[in-house]
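Chemist:
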Amino acid sequence: MQIYLPIAEVSVNLFLLLGLGGLIGVLSGMFGVGGGFLLTPLLFFIGIPPAVAVATGANQIVASSVSGLFAHLRRKTVDIRMGWILLIGGFAGAALGVYLFNVLRALGQVDLFVTLCYVLFLGVIGALMFVESVRALRRSGRGKPARQRKRGWAQALPMKMRFRTSGLYISVIPPILVGFFVGILSAVMGVGGGFIMVPAMIYLLHMPTKVVVGTSLFQIIFVTAFTTFLHATTNYTVDVVLAVLLLFGGIIGAQVGTGIGLRLRAEQLRILLAVLVLAVCTKLALDLLLTPSELYSLGPPGES
Amino acid sequence: MVRILLLALCFALPASAAEEVVLGLSRDRVSITAFFDGSEILVFGAVKRDEPIPEERLEVIITVEGPREPLVIRRKERRFGIWVNTESVEVASAPSFYAVASTAPLVVAMSEEEDLRSRVSIYNAIRTVSAAPEGTDTARFIDALVRIRLREGLYQRRPYHVVLDEQTLFRTSVQLPANISEGGYETRIFLTRQGEIVHQFKTVIDVQKVGLERFLFSLSREQPFVYGIMAVGIALVAGWGASAGFALLRR
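So this is what it looks like as structure tokens:
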């Protein structure tokens, strides 16, 4: 059954969209990620115009993150104060990101830029995660995980602030920078940025692992909501019908995924996620490297 | 009696050409609903004449043209090992949809001059403004535009697709694909003899989003602020609802 998307102006199979939403939901439930980094490229593959895919992807992440945040709030694993600080950077980053996106769109290079971002980030994160989890898998059973350094450069900067939930007393500058950077990514790539935010919080800000995911979700909700809003008002590219269909599949998928996730070991889960990330990265990289079957493309006229 | 009536009708019509078209459309309004999956329009009619049928063969050409829009055609080139958009050509106005059906191949049915004047063939329907830098091969870009749109079914060339009976009754069908944009679709019917246009007739098929599609599209353009808040609102409620719903289920 085909459904006509009013903003994307394409007709897509209804069950394909529900299935796609479900698949992303399963992954996000299994791995605790928003799934935006997979959703947006998959939307490209099924023929949704890139601008609509990015904007609608952001909207979809709002929903899945809200759903996740409530679970974390119940367990009190959200550092709300840190969340607000990250947000200050995040809003500024998202605004710059949407501006950047529009400039690139006018130049005709937005597809290239978005794809390059994906290849770069998915490649690096996937490889790091893979190496780290293989090591963890070998180490498990004997000994403790390597201890982290507690003091970092974040202590040396001015404007310090106390974060009770995280048990940190650090300068606000690094969290603002992290938020800013992730905000840009969220606007340009249509992702929540959790896959960048979580490692940054652990390794740069030295936050305790248990509060990292909840706090990241907290900030992601606001940044992606803001991004969605900016895309809707400047580019008119948010497709509500597409978002609702993806959501519907996603909500059900997330519950299934959580069930699967509980049966697997954390290291196995991380290896699986790493393989998945690398697979998407490879596919996108091949698109850039191999000779395309059609060298020409059509687009709306630029502003210049 | 019938003859008198017909005769009266002929006199009543202004600019009485030797041959005229009386047209019928299976539908003059296409609604894009949520489950829109393309649409087929039958174009049919009769040639009305008050003289004997001339010796030369009559040809019928039917074109359907979607709303025009400017666009940019970009070409990819390998730079530093990856494929990047480099050169581009701007097209001042190209139809978003264009179908030409005829009783014979277009080159046979219509002379080149007539084609140029009335912009009948696909290539003549595209208006280029050469904003391209020196040395750009504009023709190859236009070829690419036509190739891409032919593949997507947005441009259609259908020689022999118009059926003409007894030099009088003609019919054809035009397939509108699912991914068309809305607007007025200008439909033209040309009658030609020996390549010259003897009569032409114009009408418009209205293609519009209706219902929910109409509502959402207008809202997103006219009230983007409200639309943005609505989109975020739906996401928040859905996320919260999912969390609350499943928490209840687990209990």
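One line per chain: the protein sequences are V and L, in this order. Oh and the first sequence: position 114 is 114 in the UniProt record's numbering, straight run, nothing missing. Oh and the second sequence: position 64 is 64 in the UniProt record's numbering, straight run, nothing missing. Ideal Cβ placement from N, Cα and C applies to all residues, glycine included.
Alpha carbon to alpha carbon, how far is Ile-80 (chain V) from Leu-168 (chain V)? Give it in angstroms, no decimals.
Modeler: Their backbone Cα atoms lie some 13 Å apart in a straight line.
Chemist: Look at the alpha carbon of Val-89 (chain L) and the alpha carbon of Ser-181 (chain L), and state the distance between them as a whole number of angstroms.
Modeler: Their backbone Cα atoms lie some 22 Å apart in a straight line.
Chemist: When you compare each of L:Val-91, L:Val-30, L:Gly-45, L:Val-22 to Arg-171 (chain L) by their alpha carbons, which one comes out closest?
Modeler: It is L:Gly-45.
Chemist: Could you pull out every unbroken alpha helix (DSSP H) segment of at least 4 residues lying fully inside the region 160 to 204 of chain V, listed in chain order?
Modeler: Correct list: 173 to 189, 194 to 203.
Chemist: To the nearest angstrom, report how far apart Asp-28 (chain L) and Phe-36 (chain L) are at their CA atoms.
Modeler: Rounded to whole angstroms, Asp-28 (chain L) to Phe-36 (chain L) spans 16 Å at the Cα level.
Chemist: In this structure, what does DSSP give as the bridge partners for Ser-28 (chain V)?
Modeler: The partner list for Ser-28 (chain V) (beta bridge, DSSP) is empty, contrary to what the question assumes.
Chemist: Closer than 8 Å is the cut-off here; do at least three beta carbon pairs connect the region 282 to 294 of chain V with the region 55 to 73 of chain L?
Modeler: Contact fails: fewer than three Cβ-Cβ distances are below 8 Å.
Chemist: What number of angstroms, rounded off, separates the C-alpha of Glu-132 (chain V) from the C-alpha of Val-275 (chain V)?
Modeler: Each residue's Cα considered, the two are about 12 Å apart.
Chemist: For Asn-85 (chain L) and Phe-113 (chain V), what's the separation of their Cα atoms in angstroms?
Modeler: Their backbone Cα atoms lie some 11 Å apart in a straight line.
Chemist: Quick one: what's got a C-beta closer than 6 Å to Glu-40 (chain L)'s C-beta in the same chain, skipping five residues either side?
Modeler: Here the set comprises Ser-173, Gln-175.
Chemist: Note down the Cα distance separating Ala-146 (chain V) from Arg-75 (chain L), rounded to an integer number of angstroms.
Modeler: Unreliable positioning characterises Ala-146 (chain V) in this predicted model, as indicated by a pLDDT of 47, which lies under 50. The coordinate reading is nonetheless provided below. Approximately 51 Å between the Cα atoms of the pair.
Chemist: Return yes when the Cβ of Val-120 (chain L) is within less than 9 Å of the Cβ of Val-100 (chain L), no when it is not.
Modeler: Yes, these two residues count as a Cβ contact at 9 Å.
Chemist: Nearest to Leu-42 (chain V) by alpha carbon, out of V:Ala-279, V:Ser-171, V:Met-82, V:Tyr-203?
Modeler: Among V:Ala-279, V:Ser-171, V:Met-82, V:Tyr-203, the Cα nearest to that of Leu-42 (chain V) belongs to V:Ala-279.
Chemist: Roughly how far, in whole angstroms, is the beta-carbon of Gly-21 (chain V) from the beta-carbon of Gly-253 (chain V), given that I think they are within contact range, below 8 Å?
Modeler: So it is a contact: roughly 7 Å between Cβ atoms.
Chemist: What's the C-alpha gap between Leu-295 (chain V) and Asp-111 (chain V)?
Modeler: Going by the C-alpha atoms only, they are around 14 Å apart.
Chemist: Which residue comes first and which comes last in the beta strand (DSSP E) that contains Glu-9 (chain V)?
Modeler: No beta strand (DSSP E) holds Glu-9 (chain V); DSSP gives it neither H nor E.
Chemist: Within the same chain, show all residues whose beta-carbon is closer than 6 Å to that of Met-201 (chain V), passing over the 5 residues directly before and after it, in chain order.
Modeler: For Met-201 (chain V), where only same-chain residues beyond five positions count, the Cβ hits under 6 Å are Met-207, Val-212.
Chemist: Rounded to a whole number of angstroms, what is the C-alpha to C-alpha distance between Ala-55 (chain V) and Cys-117 (chain V)?
Modeler: So the two alpha carbons sit approximately 16 Å from each other.
Chemist: Output the distance between the C-alpha atoms of Glu-186 (chain L) and Ala-94 (chain L), rounded to the nearest integer angstrom.
Modeler: Cα to Cα, the separation comes out at about 14 Å.
Chemist: Compute the Euclidean distance between the alpha carbons of Ile-205 (chain L) and Thr-227 (chain V), then round it to the nearest angstrom.
Modeler: Their backbone Cα atoms lie some 38 Å apart in a straight line.
Chemist: Going by the CB atoms, is the gap between Leu-73 (chain V) and residue 342 (chain V) shorter than 9 Å?
Modeler: The question about residue 342 (chain V) has no answer, for chain V in this structure spans 1 to 304.
Chemist: For Val-10 (chain V) and Gly-47 (chain V), which I take to be in contact (beta-carbon distance under 8 Å), what is that distance rounded to the nearest angstrom?
Modeler: About 6 Å separates the two Cβ atoms, so the contact holds.
Chemist: Taking only beta-carbon positions, decide if Pro-70 (chain L) is within less than 9 Å of chain V.
Modeler: Output row for Pro-70 (chain L): interface = yes.
Chemist: Quick one: is Ser-28 (chain V) near chain L, going by C-beta distance under 9 Å?
Modeler: Ser-28 (chain V) does not count as touching chain L.
Chemist: Note down, in chain order, each residue of its chain lying with its Cβ closer than 7 Å to the Cβ of Gly-19 (chain V), except the 5 sequence neighbours on either side.
Modeler: Counting only Cβ-Cβ distances below 7 Å, and skipping sequence neighbours, we find Gly-249.
Chemist: Keeping to the same chain, check which residues put their C-beta closer than 8 Å to that of Phe-15 (chain V); ignore five residues upstream and five downstream.
Modeler: Met-1, listed in sequence order.
Chemist: For Tyr-185 (chain L), which residues in chain V fall below 7 Å Cβ to Cβ?
Modeler: In chain order: nothing, as chain V lies at least about 15 Å away.
Chemist: Pull up the distance between the alpha-carbon of Pro-159 (chain L) and that of Ser-31 (chain L), whole angstroms please.
Modeler: Using only the alpha carbons, I get a separation of about 28 Å.
Chemist: Between the region 236 to 251 of chain V and the region 225 to 239 of chain L, do at least 3 Cβ pairs fall closer than 8 Å?
Modeler: Yes, the region 236 to 251 of chain V is in contact with the region 225 to 239 of chain L.
Chemist: Looking at the secondary structure, which residues open and close the beta strand (DSSP E) in which His-199 (chain L) lies?
Modeler: Element bounds for His-199 (chain L): 196 to 209.
Chemist: Short of 7 Å in beta carbon distance, which residues of its chain neighbour Arg-149 (chain V), apart from the five on each side in sequence? Order them along the chain.
Modeler: Bear in mind that a pLDDT of 48 at Arg-149 (chain V), under 50, signals an unreliable position, so the number given afterwards is only what the model happens to contain. Nothing meets the Cβ criterion.
Chemist: Short of 6 Å in beta carbon distance, which residues of its chain neighbour Ile-38 (chain L), apart from the five on each side in sequence? Order them along the chain.
Modeler: Before going further, note that residue 38 (chain L) is Gly rather than Ile in the sequence given. For Gly-38 (chain L), where only same-chain residues beyond five positions count, the Cβ hits under 6 Å are Leu-176, Pro-177, Ala-178.
Chemist: Answer with buried or exposed for Asp-165 (chain L), where buried requires no fewer than 16 other C-beta atoms within 10 angstroms of its C-beta.
Modeler: With fewer than 16 Cβ atoms within 10 Å of its Cβ, Asp-165 (chain L) is classed as exposed.
Chemist: Can you list, in chain order, the residues of its chain whose CB lies under 6 Å from that of Gly-143 (chain V), leaving out five sequence neighbours each side?
Modeler: In this prediction, Gly-143 (chain V) scores a pLDDT of 48, lower than 50, which makes its location untrustworthy; no coordinate-derived value is stated.
Chemist: With 9 Å set as the bound, which would you pick, yes or no: does the beta-carbon of Asp-137 (chain L) sit closer than that to a beta-carbon of chain V?
Modeler: So, not an interface residue.
Chemist: If you measure between the beta carbons of Glu-19 (chain L) and Val-43 (chain L), is that distance less than 9 Å?
Modeler: Not a contact, by the Cβ cut-off of 9 Å.
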